[in-house]
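Trainee: Let me give you the structure first, and then I'll get to my questions.
Numbering (my numbering), first residue to last: 47 to 117.
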């Protein structure tokens, strides 16, 4: 998964690693930890909002406290 000391280039991650990482980022949002929504469209909208927030944080480099009070 990680490159060796003399390796230069792109490291391809397995799909399971990518999915686990995405779920880990999503779980940081309090409302997405449990399925509180009645409609699937509401759940989908909350996932989109969380994804937009994660991308905005990565682009700007800013950190905001999560619902747990950590960064």
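Every residue, glycine too, gets a C-beta built ideally from N, C-alpha and C.
Start and end of the alpha helix (DSSP H) containing residue 104?
Mentor: Here the alpha helix (DSSP H) through residue 104 covers 86-106.
Trainee: Are the beta-carbon atoms of residue 92 and residue 104 separated by less than 9 angstroms?
Mentor: No. Outside cutoff.
Trainee: Tell me where the alpha helix (DSSP H) around residue 72 begins and ends.
Mentor: Per DSSP, residue 72 belongs to the alpha helix (DSSP H) from 61-73.
Trainee: Out of 67, 74, 60 and 68, point me to the one whose CA is closest to residue 109's CA.
Mentor: The shortest Cα separation from residue 109 among 67, 74, 60 and 68 belongs to 74.
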